[in-house]
Amino acid sequence: MSLKIRLARAGAKKRPFYHIVVADARSPRDGKFIERLGSYNPMLPAEHEDRVRLVNERVTHWLSQGAQATDRVAKFLGKAGLAPMPVYRDQPIQATPKKKAQERAAERAKAAAA
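Rendered as structure tokens:
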């Protein structure tokens, strides 16, 4: 059985609130879970202490049992110091302007400087 530490949505319409849970990877997002490990309230300011709350002992227990954290939860765990901070790559190379667009931008820069 593959275990995930992930978010389960709760709260009202347009007022999200998430529980951080351990669940089987095959179960639905808001469905059956094994244990609740904390909560995440995105409506609070980023620096507020109750925005992300975790039960540290249980999180470390489940990580030692092989549970994998999702991207968002891994970021929370990294900030809390319970797991290494995930590495995010820079923007993909596809997002950069192509050769002709770069040439046109260089010509515009020359014309503006002159």
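Numbered per the UniProt record's numbering, the sequence shown spans residues 1 to 114. Idealized CB from N, CA, C, for every residue including glycine.
field: Asp30 versus Ala23 - alpha carbon distance
entry: 10 Å
task: Rank Ile5, Val21, Thr60 and Met43 by C-alpha distance to the C-alpha of residue 116 and give the top, closest one.
output: Here the chain covers residues 1 to 114 and nothing more, so residue 116 does not appear.
message: Bridge partners for Tyr18 per DSSP, in chain order?
response: Arg9 and Tyr40
Length of the line joining the Cα atoms of Met85 and Ala114: 47 Å
task: Would you tell me roughly how many angstroms separate the C-alpha atoms of Glu103 and Arg89, rounded to the nearest one?
output: 27 Å
Cβ neighbour criterion (16 or more within 10 Å) applied to Arg6: buried
query: Which of helix, strand or coil does DSSP assign to Glu35?
result: strand
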